[in-house]
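Be aware that the sequence shown starts at 1, since it is given in full-length UniProt numbering, and climbs by one per residue.
C-beta atoms are modelled at their ideal positions from N, C-alpha and C, and glycine is treated no differently.
One structure is given here, and the rest of the page talks about it.
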Amino acid sequence: MNLLELLGYFNYWVFAIVLTVGLYTVIAKINLVKKLIGLSIFQSAVFLMYITMDKVEGGTAPIIQKGMENQVFSNPLPQVLILTAIVVGVSTLALGLAIVVRIFEAYGTIEEDEILDAD
Numbered sequence: 001m002n003l004l005e006l007l008g009y010f011n012y013w014v015f016a017i018v019l020t021v022g023l024y025t026v027i028a029k030i031n032l033v034k035k036l037i038g039l040s041i042f043q044s045a046v047f048l049m050y051i052t053m054d055k056v057e058g059g060t061a062p063i064i065q066k067g068m069e070n071q072v073f074s075n076p077l078p079q080v081l082i083l084t085a086i087v088v089g090v091s092t093l094a095l096g097l098a099i100v101v102r103i104f105e106a107y108g109t110i111e112e113d114e115i116l117d118a119d
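Next up, the structure:
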């Protein structure tokens with residue numbers, strides 16, 4: 001496999017690295033805010049994967065034009081799904097941060113091990 005073939009999979013390598021960083025952050029960190037940041041990084045990797053899979057070589061916007069035959073269209077569905085996922089991700093992050101604020105008010109800390117020791 002030569003260098004150009006490896007670079008052809010660049011987006012997939014970036015996806016795998018970003019996904020791993022996000023997963024590691026969610027699992028390994030004990031600070032709840034850092035866990036939420038890791039979750040956002042993980043979600044961003046999934047967004048990158050969907051957008052990468054959406055690209056069609058030579059594809060255009062799915063608009064039918066007169067006189068044009070045998071057009072190759074890009075599928076707009078992954079883009080719609082990603083927009084919805086971004087909204088859900090931001091909402092989930094906002095809810096998570098609100099819960100972390102409430103936990104801080106109740107326990108005086110956002111470190112997971114200290115919260116477990118307090119219980």
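Item to check | Contacts around Pro62, its chain only, beta-carbon distance under 8 angstroms, and the 5 residues preceding and following it disregarded | outcome: Phe73, Ser74, Asn75 and Pro76
Checklist entry - CB Thr52 to CB Tyr12, shorter than 9 angstroms? => result yes
Checklist entry - Going along the chain, which residues of its own chain have a beta-carbon closer than 7 angstroms to the beta-carbon of Ile115, five neighbours each way excluded? => result Ile103, Tyr107 and Thr109
Checklist entry - Quick one: is Met68 buried, meaning 16 or more other Cβ sit within 10 Å of its Cβ, or exposed? => result exposed
Next on the checklist: Short of 7 angstroms in beta carbon distance, which residues of its chain neighbour Lys34, apart from the five on each side in sequence? Order them along the chain.
Outcome noted: Thr25
Checklist entry - Is the distance from the Cβ of Gln43 to the Cβ of Ala94 below 9 angstroms? => result no
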